[in-house]
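Listed in order, the protein sequences are those of chains H and C. If you're matching positions, the first sequence starts at 0 in numbering that gives the first Met the number 0 and goes up one per residue. If you're matching positions, the second sequence starts at 0 in numbering that gives the first Met the number 0 and goes up one per residue. Beneath this line is the structure, given in structure tokens, with notes to follow.
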Amino acid sequence: MSAGTPRPALILDGLRKEFPHRRSLFGKAEAPVRAVDDVSFFVQPGETLGLVGESGCGKSTLARLIMRMMAPTSGSVLVDGQRVDTLLPSEVLAYRRKVQMIFQDPYASLNPRIRAGDLIAEPLLIHGLAKGAARAARVRELADQVGLAASSLTRFPHEFSGGQRQRIAIARALAVSPRIVVADEPVSALDVSVRAQVLNLMADLQAERGLSYLFISHDIGTVAYLSQRVAVMYLGAIVEIGPARDVLRRPRHPYTRLLLEAVPVAHPRLKSRRREVLRGEVPSAANIRDACRFAPRCPMATERCHIEVPQPRTLDGDRLVACHFAEDTPDLPKGLAA
Amino acid sequence: MPVATDLLDIQDLTVTFGGGSSRVTALHGVSFDLRKGETLALVGESGSGKSLTALSIMGLLPPEGHVAGGRVMLGSEDLLTQSRRDLVRTRGSRVSMVFQEPMTSLNPVLTVGRQLTEGLEFHRGATRAAAKARALDLLKLVGLTQPERRMRQYPHQLSGGMRQRVMIAMALACEPDLIIADEPTTALDVSIQAQIIDLMLDIKERLGTAILLITHDLGVVAEMADRIAVLYAGHVIEIAESLTLFDTPRHPYTEGLLAAVPRLDVLVAGTTARVRLAELPGSVPSPADRTNGCPFTPRCPIATARCAAEMPPMTPLDAAHSVACWERAP
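Structure representation (structure tokens):
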């Protein structure tokens, strides 16, 4: 990192999480499942890094590791230059003032028996940030910032629509004035017409507060809207990372390209193209061998891909791609790449 | 497109829930038609009534639901007045359904093979051996590898994408004229979704099966639909051919919905500045809060006093495009 660029808000360095494989009664122990396998990236202050991948690729495990909801097998997480993975249990609470999370399902992540105002006050209480009248004033201020009417604060979660519930969840996350927000599919459970409200709110709050977002989603359109940079995850590893527009316009990893081709078109005029279909399904993370993890499904795979793990390489200046043949990846068909 | 002949004609379908003072109307006089071999998408958000429409066609409304009026004509028969016995014969044989969640709609204690042959034996009177041979063909048709092995497997042994293929095979078993697909790809990953969309397009092309596609996902609609009917709060508010609807939507709700979705192609092609997404204010009203007026009034940028008082009727703009809006089709 050259001088002059700000220190990243979040750095992951060689992060790895293994889950022991279930052992059969007489069989020998199998290799553990590598849910997150040597993941390294950074997020700058005020930046959104979009994390894209299909189910089972390890994106939610990654979020849990960053939130310190579980400990990594190896590697480190740094927030503001401070190591997170070695925190003592007594230090985790203080850490969570810096990093907060928004979950996918606002129906499941809010306690149904607690009123909206108390839900927003809860983090202030837990972290001992404001008392009495000051706390009440802070709750009203937060509610106002996320677009909730002060008069609605006495209501229970079930009395709100999905979009409003997600606003409550955002107000809770912002209550402790974090620097980083990890958002795991924050709009996936919402109606289409309400998603734009929440996405715009997140963009506004970021501009006002200089927040960093790690925005996790399977919906590439949403990621493209909010993110400056995009990371693509497959079977526990980042296969491509770089500026959002470049990665989505000219993907260099064959998985990124096939994933983009699979995204339904935005307009029926574009549908005449016959896409190249990503064949098969994501294999279990237990089956990773010493090879490119995408090789079994890759249309470009050669012998080398089956015997040698591709290391991430820098391409086009600020892009990292883990593919032996990234230069040969064909461009997206016209129309989709516009 | 071949000569358009109506396969399904729904007129004024009205469905209510509950009784007495707690009675709410969930579908308000829904009308549309579906031609042979056509894919019509019913698009709407949660609470719009799109799934209820499908359940009404299949005679599968929950016990507290009640059809208060209208007709569902399949050919010359009204499915709403069919006897129970005839309805059972129609279901699965002439109309079949693919549900969103294949894990909950497949029977977990029967093998895939048994679930496929069951319908063939019941509806077609096939022998065990004939049904089994046909089931194998169906599994091949929907692109499942190792069909003999799949026949012996149980749903939990299959992945989500494979289960949805089995659902589609079951729906095709008796060569129905119409398949109702209720959010068929919503529970699937994007790469599996693309496979299932391609499969359904392929089946439509090869077998000429009409599809009533129910979804909230405008991308899936753009890929699959010939025509689109937009539902809002239990009303059909716009119907048009797919290209027309995407190019020149006329109802302010349709406009807002299309503008609120981030378009990957536009975002990637755009210049450096991030364009703010258009927002539709507020959210879908609950069925209990509905008035006599247009249900979109509180969120509508062009609403007038008349809109709050009186629901506009569906008015044709041309032969293929109708809209229910006082301002756009007076």
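Yeah, the Cβ is synthetic: ideal placement off N, Cα and C, and Gly gets one too. Fair warning: this is a prediction, and the values are worked out from it, not measured in the lab.
Kindly list the residues whose CB is nearer than 8 Å to the CB of residue i, restricted to its own chain and excluding five residues on each side of it in sequence; keep chain order.
{"i": "residue 311 (chain C)", "result": "293, 323, 324, 325, 328"}
{"i": "residue 197 (chain H)", "result": "162, 165, 166, 169, 185, 186, 189"}
{"i": "residue 2 (chain H)", "result": "Only weak support is given to the placement of residue 2 (chain H): the predicted model assigns it a pLDDT of 49, under 50, and the value that follows is read from those uncertain coordinates. Here the set comprises nothing."}
{"i": "residue 157 (chain C)", "result": "111, 149, 165"}
{"i": "residue 106 (chain C)", "result": "114, 154"}
{"i": "residue 146 (chain C)", "result": "135, 138, 139"}
{"i": "residue 1 (chain C)", "result": "For residue 1 (chain C), the predicted structure reports a pLDDT of 40, less than 50, and the residue's modelled location is therefore unreliable. The matter cannot be settled from this model."}
{"i": "residue 306 (chain H)", "result": "289, 290"}
{"i": "residue 108 (chain C)", "result": "153"}
{"i": "residue 129 (chain C)", "result": "119"}
List the residues of chain B that residue i touches, going by C-beta distances under 8 Å, in chain order.
{"i": "residue 110 (chain H)", "result": "Of the protein chains in the structure, H and C, none is chain B."}
Quick one: residues in its chain with C-beta nearer than 6 Å to the C-beta of residue i, no 5 flanking neighbours on either side, listed in chain order?
{"i": "residue 327 (chain H)", "result": "none"}
{"i": "residue 233 (chain C)", "result": "25, 26, 27, 48"}
{"i": "residue 329 (chain H)", "result": "none"}
{"i": "residue 10 (chain H)", "result": "41, 77"}
{"i": "residue 336 (chain H)", "result": "Unreliable positioning characterises residue 336 (chain H) in this predicted model, as indicated by a pLDDT of 44, which lies under 50. The coordinate reading is nonetheless provided below. So the list reads 248, once near-sequence residues are dropped."}
{"i": "residue 258 (chain C)", "result": "277"}
{"i": "residue 309 (chain H)", "result": "291, 321, 322, 323"}
{"i": "residue 97 (chain H)", "result": "78, 177, 178"}
{"i": "residue 8 (chain C)", "result": "32, 72"}
{"i": "residue 253 (chain H)", "result": "297, 299, 328"}
Which bits of chain C does residue i rub up against, with CB to CB less than 8 Å?
{"i": "residue 323 (chain H)", "result": "Here the premise fails: no neighbours, minimum Cβ distance about 22 Å."}
{"i": "residue 146 (chain H)", "result": "Correct list: empty, because the minimum Cβ distance to chain C is about 10 Å."}
{"i": "residue 190 (chain H)", "result": "44, 45, 215, 282, 283"}
{"i": "residue 15 (chain H)", "result": "By Cβ distance, chain C contributes nothing, its closest Cβ being about 24 Å from residue 15 (chain H), past 8 Å."}
{"i": "residue 160 (chain H)", "result": "282, 283"}
Going along the chain, which residues of its own chain have a beta-carbon closer than 7 Å to the beta-carbon of residue i, five neighbours each way excluded?
{"i": "residue 278 (chain H)", "result": "296"}
{"i": "residue 186 (chain C)", "result": "99, 100, 159"}
{"i": "residue 313 (chain H)", "result": "319"}
{"i": "residue 194 (chain C)", "result": "160"}
{"i": "residue 137 (chain H)", "result": "123, 129"}
{"i": "residue 222 (chain H)", "result": "49, 51, 214, 216, 229"}
{"i": "residue 218 (chain H)", "result": "187"}
{"i": "residue 226 (chain H)", "result": "47, 48, 49, 214, 243"}
{"i": "residue 119 (chain H)", "result": "138, 141, 142, 167, 170, 171, 174"}
Since residue i meets chain H, which of its residues come closer than 9 Å, beta carbon to beta carbon?
{"i": "residue 160 (chain C)", "result": "280"}
{"i": "residue 210 (chain C)", "result": "The premise fails here: residue 210 (chain C) is roughly 15 Å from chain H at the closest Cβ pair, so nothing lies under 9 Å."}
{"i": "residue 219 (chain C)", "result": "263"}
Residues of chain H with CB under 7 Å from residue i, in chain order?
{"i": "residue 262 (chain C)", "result": "220, 265"}
{"i": "residue 245 (chain C)", "result": "266, 267"}
{"i": "residue 194 (chain C)", "result": "276"}
{"i": "residue 241 (chain C)", "result": "267"}
{"i": "residue 197 (chain C)", "result": "276"}
Who are residue i's beta bridge partners in DSSP?
{"i": "residue 76 (chain H)", "result": "H:11"}
{"i": "residue 212 (chain C)", "result": "C:40, C:180"}
{"i": "residue 324 (chain H)", "result": "BP columns for residue 324 (chain H) are empty, so no partner."}
{"i": "residue 16 (chain H)", "result": "H:35"}
{"i": "residue 318 (chain H)", "result": "H:314"}
{"i": "residue 182 (chain H)", "result": "H:101, H:214"}
Along chain C, which residues have their Cβ under 7 Å away from the Cβ of residue i?
{"i": "residue 32 (chain H)", "result": "In chain order: nothing, as chain C lies at least about 17 Å away."}
{"i": "residue 252 (chain H)", "result": "Those do not exist, as residue 252 (chain H) stays about 14 Å from chain C at its closest Cβ, beyond 7 Å."}
{"i": "residue 58 (chain H)", "result": "Within 7 Å Cβ-Cβ: nothing; residue 58 (chain H) doesn't reach chain C, min ~12 Å."}
For a contact defined as C-beta to C-beta under 8 Å, what are the partners of residue i on chain H?
{"i": "residue 99 (chain C)", "result": "Going along chain H, no residue has its Cβ under 8 Å from residue 99 (chain C), so there is no contact; the nearest lies around 14 Å."}
{"i": "residue 275 (chain C)", "result": "199, 202"}
{"i": "residue 279 (chain C)", "result": "192, 193, 195, 196"}
List the residues of chain C whose Cβ lies closer than 9 Å to the Cβ of residue i, in chain order.
{"i": "residue 53 (chain H)", "result": "188, 189, 190, 191"}
{"i": "residue 258 (chain H)", "result": "189, 190"}
Looking at residue i and the ligand FAD, is the gap between the Cβ and the nearest heavy atom below 7 Å?
{"i": "residue 266 (chain C)", "result": "The ligand FAD is not among the ligands present in this structure, which contains no ligands whatsoever."}
Count the C-beta pairs between the region 71-89 of chain C and the region 135-152 of chain C that are closer than 8 Å, then say yes if the count reaches three, no if not.
no
With three or more C-beta pairs closer than 8 Å as the rule, is the region 101-109 of chain H touching the region 123-132 of chain H?
no
Give a yes or no on contact between the region 73-80 of chain C and the region 37-52 of chain C, applying the rule of three or more CB pairs nearer than 8 Å.
no
Is the region 165-176 of chain C touching the region 124-137 of chain C in the sense that three or more CB pairs, one from each, lie closer than 8 Å?
yes
Examine the Cβ distances between the region 106-125 of chain C and the region 199-208 of chain C and report whether three or more of them are shorter than 8 Å.
no
List in chain order: all unbroken alpha helix (DSSP H) runs of 4+ residues lying wholly within the region 214-293 of chain H.
219-225, 243-248, 253-261
Three or more C-beta pairs below 8 Å linking the region 60-67 of chain H and the region 9-16 of chain H:
yes
Given 8 Å as the limit, is there contact between the region 186-200 of chain C and the region 235-247 of chain H, that is, 3 or more CB pairs closer than that?
no
Minimum length 4: unbroken alpha helix (DSSP H) runs contained in the region 55-101 of chain H
58-65, 88-94
Counting beta carbon pairs with one atom in the region 221-229 of chain C and one in the region 290-304 of chain C, are three or more of them shorter than 8 Å?
no
When you compare the region 171-191 of chain C with the region 298-313 of chain H, are there three or more beta-carbon pairs, one atom per stretch, that lie closer than 8 Å?
no
Those runs of the beta strand (DSSP E) which lie wholly inside the region 4-52 of chain C and span at least 3 residues:
5-16, 23-34, 38-42
Uninterrupted alpha helix (DSSP H) stretches inside the region 216-290 of chain C (no shorter than 4 residues):
217-223, 241-246, 251-259, 263-268
Which whole runs of the alpha helix (DSSP H) in the region 65-133 of chain C are 4 residues long or more, in chain order?
83-89, 101-104, 111-123
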